[in-house]
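Chains as they are written, first to last, in the numbering used here: chain A, 524 to 840; chain B, 524 to 840.
Just so you know, even glycine gets a beta-carbon here, dropped at the ideal spot from N, CA and C.
Please read these numbers as outputs of a predicted model, since none were measured by experiment.
Only one structure is covered here, and it is reproduced in the block below.
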């Protein structure tokens with residue numbers, strides 16, 4: 524039985540939407556062999572949980588006296604608020620009480636926690652966070668990195684590609700995910716110094732199929748399944764794509780494909796390269812996001828993704 | 524009377540669409556005090572011109588025996604094909620026969636030509652190319668750099684901001700254009716090393732109003748009028764935004780705002796920081812793009828933009 528810790532206090536609509544998300548998860552997967560550890564202010568969340576139809580032994584409430592606000596300084600807040608829901612979640616991960624951790628709270632604190640509270644998988648220089656990309660055929664691509672690593676070395680991009688390809692294979696069900704290097708032109712030799720130097724590393728990496736450089740216009744297509752770039756570029760891409768959904772909504776456009784630009788549908792973004800699944804949710808997460816984040820964490824555990832990552836990286840070391 | 528040189532052989536639909544664009548320009552501005560120098564294979568373009576209703580003394584045909592293909596190596600092609608339409612255009616600019624040059628041909632050759640055939644304005648370290656950004660209120664923002672400078676130093680971004688603000692003021696008619704630094708977070712101190720170091724330079728620059736960091740989600744909004752980033756990031760942003768139009772078209776969505784994501788409407792992108800207006804068009808340019816490029820070049824000449832840039836840069840030196 525896997526234990527997944529959920530920060531019930533994180534996100535703009537916590538704890539109510541977190542509670543609803545937990546309920547929605549068990550409604551969708553009533554017999555899921557998973558135990559949820561709901562971390563938060565028990566006076567607030569227990570009455571809310573009582574109002575939902577959740578199997579009693581499927582969860583336990585872990586009281587956390589404090590919480591880290593959305594705009595607090597990550598490192599400082601983690602240090603000064605050891606009793607916060609985020610600090611508690613990472614402590615439970617580190618102690619082995621939990622197998623995965625989910626939060627829609629302070630993104631920076633989640634990143635810092637993932638990097639420093641739990642181990643990075645041996646051979647991984649820098650963990651990364653990815654985001655889903657909706658494509659017109661209904662499938663999802665993966666964009667890595669989307670902000671954890673603003674400045675990157677060529678080998679970082681090569682490792683993001685390898686991590687992303689494993690996630691795409693085991694979680695997104697691509698038999699042989701195609702990896703593209705985001706660049707300003709298609710031809711080999713194009714790009715900034717980083718992309719130019721990363722290209723030969725990706726080309727020589729035997730762990731995935733490299734399709735070469737891809738451009739901005741390819742990111743929402745199936746030219747690749749895993750799109751690799753530094754976290755600065757990836758963050759700008761992700762937020763630009765998210766804003767398209769806002770525009771579409773404001774303009775009252777109803778379109779099946781553009782409705783999939785609602786990134787909340789996908790729950791959070793996985794941290795890849797750390798020893799246990801960590802999912803970072805969007806601040807504006809509603810119940811569907813919490814439900815989906817729990818499902819992603821469960822799938823990562825069921826498929827033993829972190830073990831597979833460890834195997835691949837130890838083999839390529 | 525200004526002389527604007529137009530490469531009639533550049534672009535996927537040249538020379539026919541270039542000819543139609545010239546005709547469309549004179550239809551829209553029949554008394555424009557401008558003389559167009561139409562560079563290309565005269566056997567091909569003269570009969571096409573004869574079929575259009577263009578004032579006879581408004582243009583002259585400059586025969587060019589060769590042309591540079593869309594996929595030729597820029598530097599090599601410019602050197603080996605001195606008789607090409609692009610090389611001819613830059614020679615005419617350099618000699619002073621022409622006041623501005625437009626081409627939808629080989630983008631790399633246009634960049635190399637702009638950088639090395641004509642002078643960079645004194646004080647400008649690196650010229651830049653910008654692109655328009657459609658906003659929901661009907662106005663256009665400006666994104667700089669969109670690919671001329673893949674790797675940048677902080678001072679480059681500061682200069683792109685200054686160049687972009689001048690373009691926005693004089694060509695896009697913003698009284699006091701707001702400049703935003705594209706970044707992965709809003710707070711000062713966020714970003715990759717480049718953005719972190721550029722921030723204080725932009726903040727201290729007295730030549731424009733700096734509104735701080737802007738994120739991917741802000742790029743299609745009015746949070747800023749000039750969005751500044753390195754050419755790698757900008758190129759990816761521009762091509763991603765262009766691809767939104769393709770998706771909207773494929774999905775048969777008719778929306779006034781998204782119709783403005785058709786970047787062809789805006790003609791080409793201006794090279795800023797060189798001593799004479801140079802406009803680089805999209806390879807797929809149709810007549811409307813040629814018409815608009817001629818109009819942008821004319822406006823840049825009418826407003827003496829390069830002189831104003833020279834004044835500002837000599838004052839801040």
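Subject >> Neighbour list for residue 716 of chain B in chain A, Cβ cutoff strictly below 7 Å >> reply: For the C-beta of residue 716 of chain B, the chain A residues within less than 7 Å are, from N- to C-terminus, 674.
Original post:
How many Å lie between residue 529 of chain A and residue 808 of chain A at the Cα?
Top reply: Distance from the CA of residue 529 of chain A to the CA of residue 808 of chain A, rounded to the nearest whole angstrom, comes to 13 Å.
Subject >> Straight-line gap, residue 543 of chain A to residue 812 of chain A (C-alpha atoms, nearest Å) >> reply: Between residue 543 of chain A and residue 812 of chain A, the C-alpha separation is close to 10 Å.
**OP:** Kindly indicate which residue of B/616, B/656 and B/671 has the alpha-carbon position closest to the one of residue 630 of chain B.
**Re:** B/671
**OP:** Please list the segments of the beta strand (DSSP E) lying wholly inside the stretch 644-684 of chain B, counting only runs of 3 or more residues, in order along the chain.
**Re:** You should have 651-657 and 663-667.
**OP:** Please report how far the alpha carbon of residue 786 of chain B lies from the alpha carbon of residue 797 of chain A, in whole angstroms.
**Re:** 42 Å
Original post:
Roughly how many angstroms separate the alpha carbons of residue 788 of chain A and residue 661 of chain A, rounded to a whole number?
Top reply: 13 Å
Original post:
What in chain B is Cβ-close to residue 745 of chain A, meaning under 7 Å?
Top reply: Residues of chain B passing the Cβ test: none, with the nearest at roughly 13 Å.
**OP:** Check the Cβ-Cβ distances between residue 756 of chain A and every residue of chain B, and say whether any is below 8 Å.
**Re:** yes
Original post:
Between which two residues does the beta strand (DSSP E) carrying residue 703 of chain A extend?
Top reply: Segment 701-705, the beta strand (DSSP E) holding residue 703 of chain A.
**OP:** Please list the residues of the stretch 760-773 of chain B that have a C-beta atom closer than 8 Å to any C-beta atom in chain A, keeping them in chain order.
**Re:** Taken in chain order, the members of the stretch 760-773 of chain B whose beta-carbon sits within less than 8 Å of a beta-carbon on chain A are 760, 761, 762, 763, 764, 765, 766, 767, 769, 770 and 773.
Subject >> Start-to-end residues for the alpha helix (DSSP H) that takes in residue 779 of chain B >> reply: 779-782
**OP:** Take residue 694 of chain A as the anchor and find which of A/706, A/723, A/592 and A/653 has the nearest alpha-carbon.
**Re:** Among A/706, A/723, A/592 and A/653, the Cα nearest to that of residue 694 of chain A is on A/653.
Subject >> Host beta strand (DSSP E) of residue 582 of chain A (start-end) >> reply: 582-586
Original post:
Looking at the structure shown, is residue 610 of chain B part of a helix, part of a strand, or coil, going by DSSP?
Top reply: helix
Subject >> First through last residue of the alpha helix (DSSP H) which encompasses residue 820 of chain B >> reply: 810-825
Original post:
Buried or exposed: where does residue 712 of chain B fall if 16 or more other Cβ atoms within 10 Å of its Cβ makes it buried?
Top reply: Residue 712 of chain B counts as exposed, since fewer than 16 other beta carbons sit within 10 angstroms of its beta carbon.
Original post:
Can you list the residues of chain B that residue 740 of chain A reaches, using a CB-CB cut of under 8 Å?
Top reply: Neighbours of residue 740 of chain A on chain B, chain order: 762, 763, 765, 766 and 769.
Subject >> Cross-chain neighbours of residue 778 of chain A in chain B, by beta carbon under 7 Å >> reply: 774 and 776
**OP:** Consider the Cβ of residue 670 of chain B: report whether some Cβ of chain A lies at a distance smaller than 8 Å.
**Re:** yes
**OP:** Quick one: which unbroken beta strand (DSSP E) runs of 3-plus residues sit fully inside the stretch 726-805 of chain A? Chain order, please.
**Re:** With a minimum length of 3 residues, the continuous beta strand (DSSP E) runs that stay inside the stretch 726-805 of chain A are 732-737, 749-751, 792-795 and 801-803.
Subject >> Per-residue burial, residue 830 of chain B [other beta carbons within 10 Å of its own, 16 or more giving buried] >> reply: exposed
**OP:** Kindly indicate which three-state DSSP category residue 527 of chain A falls into: helix, strand or coil?
**Re:** strand
**OP:** Measure the alpha-carbon distance for residue 571 of chain A versus residue 677 of chain A and round it to whole angstroms.
**Re:** A straight-line Cα-Cα distance of about 48 Å links residue 571 of chain A and residue 677 of chain A.
**OP:** Helix, strand or coil for residue 589 of chain A, going by three-state DSSP, please let me know.
**Re:** In the three-state reduction of the DSSP assignment, residue 589 of chain A falls in the strand class.
**OP:** Determine the contact status of residue 757 of chain A and residue 669 of chain A, defining contact as a CB-CB distance below 8 Å.
**Re:** yes
Original post:
With distances taken between CB atoms, is the gap from residue 581 of chain A to residue 562 of chain A smaller than 8 Å?
Top reply: Not closer than 8 Å, so no.
**OP:** Mind the definition here: the stretch 593-605 of chain A touches the stretch 540-555 of chain A only if three or more C-beta pairs lie below 8 Å; say whether that holds.
**Re:** no
Original post:
Which residue's Cα is closest to the Cα of residue 827 of chain B: B/549, B/702 and B/690?
Top reply: B/690
**OP:** Compare the C-beta of residue 595 of chain A with all C-beta atoms of chain E and state if any pair is closer than 8 Å.
**Re:** No chain E appears in the structure shown, which is made up of the protein chains A and B.
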